[in-house]
Amino acid sequence: NNNNNNNNGKNNNNNNNNNNNDVEEYGRQMEQMETTLSDLLEEMSELKEEIRDENRKLRQDMYTVLASMVAGQQQTNNQQQNFQNFQNPFQQDLLDMVRGEGELEQEVKELVREVKDYQEEYREDRREQQEHRDAVQEHFRQMRYEQAWLREQVARVENITTVRRDEVRLVSQNKLAWQNFTRSESNYPDFVVDGLFSLSPDEVLNPVAISGSSARNQVLMVDLGATFKIDTVKIWNRLSDGQGDIVGVFVYANETLLGGIVEAKKMYSFVASENVFARNVYLKQSLAATLSVLEIQVYGSGPFGEEEVNRRQGN
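In my numbering, the protein residues as written are 8 to 322.
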């Protein structure tokens with residue numbers, strides 16, 4: 008699940024980067040369109056100014072001619088013909104401008120249409136960009152909702168894990184076991200954590216871990232695989248001959264002494280004091296005798312990391 012969440016987080020980050028690139032590309036296109044629109048508006052303004060200049064010149068020329076006529080200036084037939092030849096083109100231009108048929112007017116209209124087209128395209132791009140922003144925001148809202156849901160699920164799992172870790176249970180079964188000497192292939196140390204034992208003295212059905220030496224300091228150890236808070240350690244003695252081999256054994260949880268065995272019995276129970284944390288539970292024979300055990304059961308809670316162990320121990 009954690010790997011899937013990480014992959015999903017990476018995919019989401021890649022999608023966000025692509026969305027950001029699309030937004031930047033739209034921004035550059037909008038800037039280019041705004042520059043083009045500004046150039047067209049400037050060109051249109053210049054054309055309108057040229058039209059105004061031409062109109063002013065035309066009016067001035069017409070006013071001059073009309074003033075000459077009002078003043079009673081006599082014109083010759085040639086002058087009248089020249090006046091008509093001079094007046095007709097301007098009159099035609101004025102009529103074309105009024106009717107909207109002149110070349111300049113057509114160019115202006117064409118520019119206006121182009122500007123309108125650019126404006127419409129600009130508005131359409133703005134709408135698409137806004138839709139894209141809305142989609143990105145909706146995607147982020149969905150991501151935040153999913154993250155909140157995931158945090159809630161993680162909190163639930165952590166709570167369940169905490170409850171599970173604090174539960175006292177059997178933590179030694181099928182863990183690794185070791186002893187410094189082994190008598191034979193029928194007496195391996197793994198038998199003390201296999202969970203298979205009964206009250207029968209038959210050691211074929213109830214195999215026993217037996218050391219291969221009677222020298223002092225014979226050791227039988229169980230590795231719990233992690234650090235646990237030790238609650239109780241139960242030692243089951245062999246039921247056949249040799250029950251006295253266990254007398255003189257001390258039981259440790261790491262360096263903490265849990266107790267010692269002074270008499271032969273079927274079972275021994277050692278309760279740990281508060282805040283005893285250990286990874287290894289081992290039996291040490293202090294006498295010059297063999298060490299034989301039917302089963303070792305370690306009950307505790309955990310596992311716990313080093314920081315949590317220090318915190319629980321008040322370090």
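We put the beta carbon where it would ideally sit given N, CA and C, even for glycine.
Spatial distance of residue i from residue j (CA atoms)
i	j	result
Ile-237	Arg-140	58 Å
Val-161	Met-150	16 Å
Ala-260	Asn-287	6 Å
Val-200	Thr-234	17 Å
Glu-135	Lys-55	34 Å
Leu-231	Gln-154	36 Å
Val-119	Tyr-152	49 Å
Gly-266	Tyr-289	11 Å
Leu-44	Glu-138	23 Å
Arg-63	Val-143	56 Å
Arg-158	Gln-304	38 Å
Glu-121	Thr-71	39 Å
Phe-311	Gly-321	14 Å
Glu-174	Glu-145	44 Å
Asp-60	Val-115	15 Å
Arg-176	Arg-319	19 Å
Met-40	Glu-127	11 Å
Met-274	Leu-206	11 Å
Val-164	Ala-184	32 Å
Asp-57	Phe-147	The displayed chain sequence assigns Glu, not Asp, to residue 57. In a straight line, the C-alpha of Glu-57 is about 54 Å away from that of Phe-147.
Ile-268	Lys-291	10 Å
Own chain, CB closer than 6 Å to residue i, minus 5 neighbours either side, in chain order
i	result
Gly-202	Gln-180
Gly-309	Arg-172, Phe-235, Lys-236
Glu-210	Ser-247
Val-324	Past the boundaries of the shown model lies residue 324; the chain is included only from 8 to 322, so the question cannot be answered.
Coarse secondary structure for residue i, derived from DSSP in three states
i	result
Val-305	strand
Tyr-258	The identity of residue 258 in the sequence shown is Val, whereas the question assumes Tyr. Residue state, collapsed to three classes: strand.
Phe-147	helix
Ile-242	strand
Arg-130	helix
Lys-55	helix
Ser-293	coil
Arg-4	Residue 4 lies beyond the residue range present for the chain, which begins at 8 and ends at 322; the question has no answer from this structure.
Asp-248	coil
Asp-230	strand
Leu-203	coil
Lys-236	strand
Leu-183	strand
Ala-216	strand
Thr-189	coil
Ser-45	helix
Gln-225	strand
Leu-298	coil
Tyr-195	coil
Val-278	strand
Beta-carbon separation (whole angstroms), residue i vs residue j, contact threshold 8 Å
i	j	result
Trp-243	Phe-204	6 Å
Thr-239	Tyr-306	4 Å
Phe-188	Ser-220	4 Å
Met-51	Asp-132	Contact flag wrong, Cβ pair sits at about 21 Å.
Tyr-125	Leu-47	7 Å
Val-258	Phe-284	Incorrect: roughly 16 Å between the Cβ atoms, too far for contact.
Arg-190	Leu-294	That pair is no contact at about 17 Å.
Lys-241	Ser-276	5 Å
Sequence-distant residues of its chain with Cβ nearer than 8 Å to residue i (five each side left out)
i	result
Gln-186	Pro-196, Ala-216, Ser-218, Gln-225, Val-226, Leu-227, Met-228, Leu-298
Lys-182	Val-200, Val-229, Asp-230, Leu-231, Gly-232
Cβ neighbours of residue i in the same chain (closer than 7 Å, five flanking residues each side left out)
i	result
Ala-271	Asn-244, Gln-250, Gly-251, Ile-253, Val-254
Asn-13	Reliability fails at Asn-13, whose pLDDT of 48 lies under 50, so the model's placement of it is uncertain and the value that follows must be treated cautiously. Correct list: empty, nothing qualifies.
Contact test: residue i Cβ vs the ligand MG heavy atom, cutoff 6 Å
i	result
Trp-156	As far as ligands go, the structure on display features none, and thus does not contain the ligand MG.
message: Below 8 Å, how does it come out for the region 296-303 and the region 243-259: are there three or more Cβ pairs, yes or no?
response: yes
task: Answer yes if the region 213-227 comes into contact with the region 279-286, meaning at least three C-beta pairs across the two stretches below 8 Å, and no otherwise.
output: Contact between the region 279-286 and the region 213-227 is absent: fewer than 3 CB-CB pairs across the two stretches fall below 8 Å.
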